[in-house]
Each structure stands twice: as C-alpha cells, then as structure tokens.
Amino acid sequence: MGRGRLDLFRSDDDRSALQRARRLALQARSLAQLPRPVARFWYRALRRAQGERDTWSIDVACRPAELRVLLDALGDAPRVAEIGTAAGWTTCAIALARPGREVHSWDVEAHPERDRYLALLSPADRARLHLHDRPGGLGPDDPPPVDAVFIDSSHELDETIATFRTWEPALAPGGVIAFHDYDDAAYPGVTEAVRELGLDGEARGHLYVWRKSDR
Ligand SMILES: C[S@@+](CC[C@H](N)C(=O)[O-])C[C@H]1O[C@@H](n2cnc3c(N)ncnc32)[C@H](O)[C@@H]1O
C-alpha cells in the first residue's frame, strides 16, 4: 500500500481501475467534507495504519463517505453507543464530530490495534470514550441512557435483533438507531433483522436509520 495516496481496497476487491479511481475520488471528497477534527483524525489513522501495515484496521473501518451519512444521522446526539468497536476509528470519529459528546462502544473483543488509534486523541477527547468488552446483544446489565446507537457488529440476524432490543429501551425519545451494512448482499442478516423487527425507518445508502417516537 503506497504511503502517498488513499488506498482503501481490500485484497479481494475486484473493481476495475476506473471504478477504483471513481471510488477513491468519492472518498477523498467525502474526507474533505467531514468535520475538520474527524477528517484530521481519519487521515492520521490511515497514515498510521499504512505505516504499520495494519490492513485489518483499514478494512473494517467505515469509509469517509459512510461516515458523512452516519454523522449526519447522529445529528447533535450528546450520548452515543456504538456496537462493534474494532480498531476504534469510527468510535473516535463519532466523539470528535461533536464537542463534549460521550461515546460508549461495545465489542466482544478488545482488539489490540485500537490502542494505536486511540493514542491519536488528546487526553480530554480520549476521556469521552468508554470502551466495553462484551457482546452487543447482551449489552450492559444496565444500559446507560443514550440519544443514538450505531450497530456495526456481527451483522448476524439474531445478534442484530438482540442488539436492537437491548438498546431500544435505553434510547431517549426521538433518538436514532442506525444499522450499518443494510441492503448489502455480503451482510443479509442486517437487512433481514430490520425486516423482522418491522421498523419504519429509512435507508440512506447502506445505513438504515430508525427514529424512536418522541412521544
Ligand atoms: C465491522 S467491525 C466494526 C467497525 C467499526 N464500527 C468501525 O467503523 O471502525 C465489527 C466489529 O464487531 C465486533 N463484534 C462481533 N460480534 C459482536 C457482538 N456480538 N457484539 C459486539 N461486537 C461484536 C467484532 O469483534 C468487530 O470488531
């Protein structure tokens, strides 16, 4: 992976050179349109990953174009839960997008890569992240009240349904639950879960956004 350019394709990606060029142009444009602290973090994380040859962290993280849609869906939510921390790129982006926002993130595993990227945050920003090593479907014994939830974990049908049911009661009225990788043939469990739950949200690209009634 060259250090002088954005290179975001997985080893099994079979897009043509033209499709890749278009995709990269979209990601570069989207990166420039992210809130400045988020764009700066994301670029530094990418550089660090490239320097360390950490392709896993690059592969699993939300891309800038997806991040734009996600951050827009989260709005000004002051307390956000993320299910599926991985290397923490999106955890950090969610926190940096809004001053003072508190982010709780769950993962079944404390992936060691995440420390490398959390170290890019200032101590004050790092203090706004709360990481938990526990399946998202179990959730905490007593879920903290939150204003938005981002589900990006196993993508399995049962787990996605369990995660929604765990977090919906902890969500403030008017809050959103966003499902990553909706309507993606690689992750049919997410789309099936949304259908089985009978949600009346909206698809924004591959993000499905459901809003809780504010009454
Ligand atoms: C696609 S990655 C998350 C990427 C991350 N949200 C980002 O954008 O950088 C999926 C993560 O979900 C975690 N995971 C898998 N099953 C889970 C579960 N049941 N509960 C919580 N996390 C889970 C995996 O360990 C992995 O780190």
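Numbering (our numbering), first residue to last: 305 to 519.
Beta carbons are placed, not taken as given, at the ideal position from N, Cα and C, and that holds for glycine.
From a predicted model like this one, the values you see are computed outputs, not experimental measurements.
Delimiting residues of the alpha helix (DSSP H) encompassing residue i
i	result
Phe-468	461-471
Tyr-421	418-422
Whole-number beta carbon distance between residue j and residue i, since they are thought to touch under 8 Å
i	j	result
Val-453	Ile-481	5 Å
Ala-507	Tyr-486	6 Å
Ser-533	Ala-369	The shown model of the chain, from 305 to 519, leaves out residue 533, and the question about it has no answer.
Leu-378	Ser-409	At roughly 13 Å, the Cβ-Cβ gap does not stay under 8 Å, so Leu-378 and Ser-409 are not in contact.
Leu-433	Thr-394	In fact, because the Cβ distance is near 11 Å, the residues do not count as touching under 8 Å.
Sub-8 Å separation of residue i and residue j beta-carbons
i	j	result
Ala-397	Tyr-421	no
His-459	Gly-502	no
Glu-413	Arg-383	no
Leu-338	Arg-372	yes
Asp-456	Ile-362	no
Asp-419	Arg-402	no
Asp-429	Ala-399	yes
Ala-336	Ala-343	yes
Val-450	Ala-353	no
Thr-464	Phe-483	yes
Pro-447	Ala-476	no
Gly-505	Arg-519	no
Leu-461	Leu-374	no
Residue interval of the beta strand (DSSP E) (run including residue i)
i	result
Ala-452	450-455
Ala-385	383-387
Glu-406	406-411
Ala-476	475-483
Same chain only: Cβ atoms within 7 Å of residue i, ignoring 5 sequence neighbours per side
i	result
Glu-417	Asp-358, Trp-360, Ser-361 and Ala-391
Ile-513	First, the amino acid is wrong: residue 513 is Val here, not Ile. So the qualifying residues of the chain are Ala-377, Val-480, Ala-482, Gly-505 and Glu-506.
Residues near residue i by beta carbon distance below 6 Å, same chain, minus five either side
i	result
Arg-348	Leu-424
Arg-309	Legend: pLDDT at Arg-309 = 48, less than 50; position of this residue unreliable, no value from coordinates given.
Arg-307	Low local confidence applies: a pLDDT of 40 at Arg-307 is under 50, so the model's placement there is unreliable, with the coordinate-based value given in what follows. These residues qualify, in order along the chain: Gln-354.
Pro-341	Leu-400
Cβ shell of residue i (< 8 Å), same chain only, five flanking positions each side left out
i	result
Arg-319	Phe-313 and Arg-327
Leu-330	Ala-369
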